[in-house]
Amino acid sequence: MLGICRGRRKFLAASLTVLFVPAITWIYLFAGSFEDGKPVSLSPLESQPHSPRYTASSQRERESLEVRMREVEEENRVLRKQLSLAQSRGPVRHRGNHSKTYSMEEGTGDSESLRAGIVAGNSSECGQQPAVEKCETIHVAIVCAGYNASRDVVTLVKSVLFHRRNPLHFHLIADAIAKQILATLFQTWMVPAVRIDFYDADELKSEVSWIPNKHYSGIYGLMKLVLTKTLPSNLERVIVLDTDITFATDIAELWAVFHKFKGQQVLGLVENQSDWYLGNLWKNHRPWPALGRGYNTGVILLLLDKLRKMKWEQMWRLTAERELMSMLSTSLADQDIFNAVIKQNPFLVYQLPCFWNVQLSDHTRSEQCYRDVSDLKVIHWNSPKKLRVKNKHVEFFRNLYLTFLEYDGNLLRRELFGCPSEADVNSENLQKQLSELDEDDLCYEFRRERFTVHRTHLYFLHYEYEPASDNTDVTLVAQLSMDRLQMLEAICKHWEGPISLALYLSDAEAQQFLRYAQGSEVLMSRHNVGYHIVYKEGQFYPVNLLRNVAMKHISTPYMFLSDIDFLPMYGLYEYLRKSVIQLDLANTKKALIVPAFETLRYRLSFPKSKAELLSMLDMGTLFTFRYHVWTKGHAPTNFAKWRTATTPYRVEWEADFEPYVVVRKDCPEYDRRFVGFGWNKVAHIMELDAQEYEFTVLPNAYMIHMPHAPSFDITKFRSNKQYRICLKTLKEEFQQDMSRHYGFAALKYLTAENNS
Numbered sequence: 003m004l005g006i007c008r009g010r011r012k013f014l015a016a017s018l019t020v021l022f023v024p025a026i027t028w029i030y031l032f033a034g035s036f037e038d039g040k041p042v043s044l045s046p047l048e049s050q051p052h053s054p055r056y057t058a059s060s061q062r063e064r065e066s067l068e069v070r071m072r073e074v075e076e077e078n079r080v081l082r083k084q085l086s087l088a089q090s091r092g093p094v095r096h097r098g099n100h101s102k103t104y105s106m107e108e109g110t111g112d113s114e115s116l117r118a119g120i121v122a123g124n125s126s127e128c129g130q131q132p133a134v135e136k137c138e139t140i141h142v143a144i145v146c147a148g149y150n151a152s153r154d155v156v157t158l159v160k161s162v163l164f165h166r167r168n169p170l171h172f173h174l175i176a177d178a179i180a181k182q183i184l185a186t187l188f189q190t191w192m193v194p195a196v197r198i199d200f201y202d203a204d205e206l207k208s209e210v211s212w213i214p215n216k217h218y219s220g221i222y223g224l225m226k227l228v229l230t231k232t233l234p235s236n237l238e239r240v241i242v243l244d245t246d247i248t249f250a251t252d253i254a255e256l257w258a259v260f261h262k263f264k265g266q267q268v269l270g271l272v273e274n275q276s277d278w279y280l281g282n283l284w285k286n287h288r289p290w291p292a293l294g295r296g297y298n299t300g301v302i303l304l305l306l307d308k309l310r311k312m313k314w315e316q317m318w319r320l321t322a323e324r325e326l327m328s329m330l331s332t333s334l335a336d337q338d339i340f341n342a343v344i345k346q347n348p349f350l351v352y353q354l355p356c357f358w359n360v361q362l363s364d365h366t367r368s369e370q371c372y373r374d375v376s377d378l379k380v381i382h383w384n385s386p387k388k389l390r391v392k393n394k395h396v397e398f399f400r401n402l403y404l405t406f407l408e409y410d411g412n413l414l415r416r417e418l419f420g421c422p423s424e425a426d427v428n429s430e431n432l433q434k435q436l437s438e439l440d441e442d443d444l445c446y447e448f449r450r451e452r453f454t455v456h457r458t459h460l461y462f463l464h465y466e467y468e469p470a471s472d473n474t475d476v477t478l479v480a481q482l483s484m485d486r487l488q489m490l491e492a493i494c495k496h497w498e499g500p501i502s503l504a505l506y507l508s509d510a511e512a513q514q515f516l517r518y519a520q521g522s523e524v525l526m527s528r529h530n531v532g533y534h535i536v537y538k539e540g541q542f543y544p545v546n547l548l549r550n551v552a553m554k555h556i557s558t559p560y561m562f563l564s565d566i567d568f569l570p571m572y573g574l575y576e577y578l579r580k581s582v583i584q585l586d587l588a589n590t591k592k593a594l595i596v597p598a599f600e601t602l603r604y605r606l607s608f609p610k611s612k613a614e615l616l617s618m619l620d621m622g623t624l625f626t627f628r629y630h631v632w633t634k635g636h637a638p639t640n641f642a643k644w645r646t647a648t649t650p651y652r653v654e655w656e657a658d659f660e661p662y663v664v665v666r667k668d669c670p671e672y673d674r675r676f677v678g679f680g681w682n683k684v685a686h687i688m689e690l691d692a693q694e695y696e697f698t699v700l701p702n703a704y705m706i707h708m709p710h711a712p713s714f715d716i717t718k719f720r721s722n723k724q725y726r727i728c729l730k731t732l733k734e735e736f737q738q739d740m741s742r743h744y745g746f747a748a749l750k751y752l753t754a755e756n757n758s
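Quick note, the sequence shown lines up with residues 3 to 758 if you use the working numbering.
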């Protein structure tokens, strides 16, 4: 930053005071000690009462000078103390009787190693910004619509949360898709001192739909124009951000810039760093009117109260109507209209230093915004090329972006010490439930997992589904972790209907999955697959939580509860839709069983018919599922009867039965107490039986389990005695809960277990 900042001027003035005031004082005293050119001693030993020069007036003068000298010395001591405090703590400003303020140098001590790598040297040349109240809430508005923007905004929020030291209030102008995704994400993220409010972007379309816009952001790219009308009337100021922004500093520094606004300045903007508004990019290039290079609206400081008094709505509408008569449409969405208004009213804008919006488009002047890449504060990926943009420091910017993209969001659930959070009923209930657990219990970790809130990002990729007209559609439901990704393409080839998948991944693995999916022609050609990311936390694989997430977010009346290791037979989707009608699943409590088989071969010629499957069974290429290790799990299916069956047949529940079934979407959820390996499906089938579901085997349906390495959880089950003891304990508690809930009828589960 050019010039000498206020803090440096104060320091210099104080230093000069300390140096020169004592010198001037002593010169004055020394000069005053001469009379007729002769020095007068100030020592009481030398000043005798009988001296002819000694008078009452000279004595009083000497005493007053000594008092003044002591006062000056005391003032200098205080000044030196204040200077030393200023150098060690930075400038602190207090406003009236408000609470304690902090300077931009104060920190919380969180993630210091990463912070040092990312924000070292992030201060401007002048050093300090005006202080922001310690617990002052910073308001941020973001327009977000669709699946991709919902994914992008998470990286922006992570970068803000990483550096922040203040409570935050996000105002999200979102369409129905983004609201569903982000509401679930923030509800399960549970970040202290963060509030989220949503505003329906679809209701705002009529406000801006009359403006033709060629920009890829579409109609949502115009909605920042109506924020004065959309946001609460008592909200005075807000920072407005695009979703493709990455912060490299505390957002409070930007919030503090509001204090620099003067007069009628109501918009804080950074100058556009390309030549777009100069009109010289190509022949006949005719941009909207702008002041010089114009301003970029990726980062905006809005003084809402003043804008409303200025009748901002009328101002931008009149300007847009007039310019559209000749321009016909906008090329850069709201940015064109903001610049046209500023061209007519330049007094409205406070120009922000360009490091508050370093614009990474091709052929921009962004490199002039910083001497060193560590000086910048906000990066704006405002090119359609995003991370592939041309810039000599693009590797640094890309690495900074990827750091937050893959950063563990669970680490951002840190408290702001000294700033009370708003009461959260869900959080309070969770803490109460956890406090009731006995930490000395050997199964404490198992019990605790039931109450763990996992951050969840629904519809991580684009999703489209059109309901079937006959209301018979079936969604395949499954869950998986990173080591099963290779099954996705095969399942999509075998099942053409909608799929709902819950993926248990870390933040970094979620990005690996994204790259894998975007590089797959098979997956990218399928838009009826819902991918829901449940982020890793804790030491257990929350298998039943994952199943519940996938079940909850289906769009069809029926669902096929499968596992990711199984390939359904070709044509199973259409066969199940016909079976739903044939067996009147809409009006009866039925669970349709799809018989399960397995192969031990990694390369398998998949059977295309029941006859071919029976032949492979006879040849020993296929087996009934788990016949050699867990016969009880699927024995009630009665495979001997299935071989010759031509019509559906009913079977009875037996202990440890865990078939794969088709049910209505309103069936009970899986019990979350069962994690990792063991009893997770058995408990669910038991509850279906307790609710009087009929188990009906489909005669011409089948699925085949593909071989894979043993999971980590089954390895723990086999090797850890305490794991098996806790699983047995949880199973007994579940059976007791069933008896209490379903009464006398549920006693058979205890009897069956004892006899098995």
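We put the CB at the ideal spot given by N, CA and C, even for glycine.
Under 8 Å between C-beta atoms of Y149 and Y461: For the purposes of this step, residue 149 is taken as the residue at position 147 of the sequence shown. For the purposes of this step, residue 461 is taken as the residue at position 459 of the sequence shown. Yes, the pair counts as a contact, with Cβ atoms nearer than the cut-off.
Three-state secondary structure (DSSP) of Q182: If you number the sequence shown from 1, residue 182 lands on position 180. The three-state secondary structure of Q182, taken from DSSP, is helix.
Backbone CA spacing between H96 and K264 [nearest angstrom]: Indexing the sequence shown from 1 puts residue 96 at position 94. Indexing the sequence shown from 1 puts residue 264 at position 262. At H96 the pLDDT is 37, less than 50, meaning the model places this residue with poor confidence; the figure from the coordinates comes in the next sentence. Their Cα atoms are separated by approximately 20 Å.
Unbroken beta strand (DSSP E) run spanning D202, endpoints: Here residue 202 corresponds to residue number 200 of the sequence shown, with the count starting at 1. For D202, the enclosing beta strand (DSSP E) starts and ends at 196 to 202.
Buried/exposed call for A342, threshold 16 Cβ in 10 Å: As a working note, residue 342 is residue 340 in the sequence shown. A342 should be labelled buried.
Residue burial classification, R166 (beta-carbon count within 10 angstroms, cutoff 16): Taking the first residue of the sequence shown as position 1, residue 166 is located at position 164. Label assigned to R166: buried.
Buried or exposed by the 16-neighbour rule on C-beta atoms within 10 Å, applied to G123: Mapped onto the sequence shown, residue 123 falls at position 121. Only weak support is given to the placement of G123: the predicted model assigns it a pLDDT of 37, under 50, and the question is left unresolved by the model.
Where A747 falls, given that 16 or more other Cβ within 10 Å makes a residue buried: Along the sequence shown, one-based indexing puts residue 747 at 745. The residue in question, A747, is exposed, as its Cβ has fewer than 16 Cβ neighbours within 10 Å.
For I247, three-class secondary structure by DSSP: Here residue 247 corresponds to residue number 245 of the sequence shown, with the count starting at 1. Three-state DSSP puts I247 in a strand.
Neighbour-count burial assignment, V360, 16 or more Cβ in a 10 Å radius: Along the sequence shown, read from residue 1 onward, the residue named residue 360 stands at position 358. Buried, by the Cβ-count rule.
Counted within 10 angstroms of its Cβ, other Cβ atoms place K683 as buried (16 or more) or exposed: Within the sequence shown, numbered from 1, the residue matching residue 683 stands at position 681. Under this definition K683 is a buried residue.
Endpoints, the alpha helix (DSSP H) within which G148 is located: On the sequence shown, position 146 is the one that residue 148 refers to. First-last of the alpha helix (DSSP H) with G148: 148 to 165.
Three-state secondary structure assigned by DSSP to P348: In the sequence shown, residue 348 corresponds to position 346, counting from 1. Here P348 sits in helix by DSSP.
Cβ-Cβ distance between L158 and T245 below 8 Å: Translated into the one-based positions of the sequence shown, residue 158 becomes position 156. Translated into the one-based positions of the sequence shown, residue 245 becomes position 243. Against a cut-off of 8 Å, the Cβ pair of T245 and L158 comes out as a contact.
N-terminal and C-terminal residue of the alpha helix (DSSP H) that I213 is part of: Translated into positions along the sequence shown, residue 213 becomes position 211. Here I213 belongs to no alpha helix (DSSP H), and DSSP marks it neither H nor E.
Span of the beta strand (DSSP E) around V193: Here residue 193 is taken as the residue at index 191 of the sequence shown, counted from 1. Note, V193: premise wrong, no beta strand (DSSP E); not H, not E.
Cα-Cα separation between G499 and D485, rounded to whole angstroms: Reading the sequence shown from its first residue, position 497 is the one you call residue 499. Reading the sequence shown from its first residue, position 483 is the one you call residue 485. One C-alpha to the other measures close to 24 Å.
Through-space distance from Q435 to P422, alpha-carbon basis: Here residue 422 refers to the residue found at position 420 when the sequence shown is read from its first residue. Here residue 435 refers to the residue found at position 433 when the sequence shown is read from its first residue. When rounded, the distance between both Cα atoms is 22 Å.
Which of helix, strand or coil DSSP assigns to S508: By one-based count along the sequence shown, residue 508 stands at place 506. S508 carries a coil assignment under DSSP once its states are collapsed to helix, strand and coil.
Outcome for R549 when other beta-carbon atoms lying within 10 angstroms are tallied against a minimum of 16: By 1-based counting over the sequence shown, the position of residue 549 is 547. R549 comes out buried.
Contacts around E138, its chain only, beta-carbon distance under 7 Å, and the 5 residues preceding and following it disregarded: Taking the sequence shown and counting its residues from 1, the one referred to as residue 138 is at position 136. Here the set comprises N168.
Buried/exposed call for W632, threshold 16 Cβ in 10 Å: Reading the sequence shown from its first residue, position 630 is the one you call residue 632. It is exposed - the Cβ of W632 has fewer than 16 other Cβ atoms within 10 Å.
Inter-residue CB distance, R415 and P194 (contact presumed, cutoff 8 Å): As a working note, residue 415 is residue 413 in the sequence shown. As a working note, residue 194 is residue 192 in the sequence shown. Indeed they touch by this definition, with Cβ atoms about 7 Å apart.
Residue span of the beta strand (DSSP E) that contains N298, given as start and end: Residue numbering aside, residue 298 sits at position 296 when the sequence shown is read from its first letter. First-last of the beta strand (DSSP E) with N298: 297 to 305.
P570 (DSSP reduced to helix, strand or coil): What you label residue 570 is simply residue 568 of the sequence shown in a count that begins at 1. Strand.
Option nearest M705 by Cα separation, candidates D673, Y744, P597: The sequence position of residue 705 within the sequence shown is 703, counting from 1. For M705, the nearest C-alpha among the options comes from P597.
Stretch-stretch touch, CB-based, cutoff 8 Å, three pairs: the stretch 669 to 679 with the stretch 537 to 556: yes
Other residues of its chain near K538: CB distance less than 7 Å, five sequence neighbours each side excluded: Against the sequence shown, residue 538 aligns to sequence position 536. Result list for K538: Y506, L507, S508, in chain order.
Alpha-carbon to alpha-carbon, L574 and F608: Counting from one through the sequence shown, the residue named residue 608 turns up at place 606. Counting from one through the sequence shown, the residue named residue 574 turns up at place 572. Those two C-alpha atoms are separated by around 14 Å.
Alpha-carbon spacing of E238 relative to Y201, whole angstroms: Taking the sequence shown and counting its residues from 1, one reaches residue 238 at position 236. Taking the sequence shown and counting its residues from 1, one reaches residue 201 at position 199. For E238 and Y201, the distance between alpha carbons rounds to 17 Å.
Outcome for L749 when other beta-carbon atoms lying within 10 angstroms are tallied against a minimum of 16: Translated into positions along the sequence shown, residue 749 becomes position 747. Exposed, since its Cβ has fewer than 16 Cβ neighbours within 10 Å.
Buried versus exposed call for W212 [16 or more other C-beta atoms within 10 Å across all chains shown]: In the sequence shown, counting from the first residue as 1, residue 212 sits at position 210. Answer is exposed; the Cβ neighbour count stays below 16.
Same chain, Cβ closer than 6 Å to H743, five either side skipped, listed in chain order: The residue labelled residue 743 in the question sits at position 741 within the sequence shown. Apart from sequence neighbours up to five positions away, no residue of its chain approaches H743 with a beta-carbon distance below 6 Å.
Per-residue burial, Y218 [other beta carbons within 10 Å of its own, 16 or more giving buried]: What you label residue 218 is simply residue 216 of the sequence shown in a count that begins at 1. Y218 should be labelled exposed.
The stretch 462 to 476 touching the stretch 434 to 450, judged by at least three CB pairs closer than 8 Å: Taking a contact to require three or more Cβ pairs closer than 8 Å, the stretch 462 to 476 and the stretch 434 to 450 do not qualify as touching.
Beta strand (DSSP E) segment containing F1, residue limits: In the structure as shown, the chain begins at 3 and stops at 758. Residue 1 is therefore absent and cannot be evaluated.
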